[in-house]
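The structure appears right after this line, and notes come after that.
Quick look at the structure:
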């Protein structure tokens, strides 16, 4: 799986584009910069804006002010079902809960 990440900085504003096959995630700290980028892309490609991200590459996303929460519950349940382990006993993960990623 090859995921490509592009970054463009204009003064103190930034837009980040994540590309996987024909899917894009566009994120920015400036709505104006993000809209300008989307409009320029639409002049070259047929695009459809699906709004805020809710699902991408097996991950569910939930956004609120100041945070983005991601989980893979749907993907994990699919794998457990596929291998007949849906009734297995859960175990604690070795990863710290509520881990914060710093950008």
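Residue numbers (UniProt numbering): 1 to 103.
Glycine is no exception: its CB is placed at the ideal position from the N, C-alpha and C atoms.
Do residue 52 and residue 63 count as a contact pair if the criterion is CB distance below 9 Å?
Yes. Within cutoff.
Here's the rule: buried if 16 or more other CB atoms are within 10 angstroms of the residue's CB, otherwise exposed. What is residue 15?
Residue 15 comes out buried.
Who does residue 105 pair with in a DSSP beta bridge?
Lying before the first or after the last residue shown, residue 105 is absent from the chain, which here runs from 1 to 103.
Buried or exposed: residue 40, going by 16 or more other Cβ atoms within 10 Å of its Cβ?
Exposed, because fewer than 16 other Cβ atoms sit within 10 Å of the Cβ of residue 40.
Establish whether the CB of residue 42 and some CB of chain C are separated by less than 9 Å.
Here chain C cannot be found, since the structure has a single protein chain.
Below 8 Å on the Cβ atoms is my contact criterion, and I expect residue 50 with residue 20 to pass it. Report the Cβ-Cβ distance as a whole number of Å.
At roughly 14 Å, the Cβ-Cβ gap does not stay under 8 Å, so residue 50 and residue 20 are not in contact.
Over what stretch of residues does the alpha helix (DSSP H) that includes residue 73 continue unbroken?
Per DSSP, residue 73 belongs to the alpha helix (DSSP H) from 73-82.
Nearest by alpha-carbon distance to residue 59: which of 33, 48, 71 is it?
Residue 59 has its Cα closest to that of 71, out of 33, 48, 71.
Thinking C-beta only, is residue 61 closer than 9 Å to residue 74?
In this structure, residue 61 does not lie closer than 9 Å to residue 74 by Cβ.
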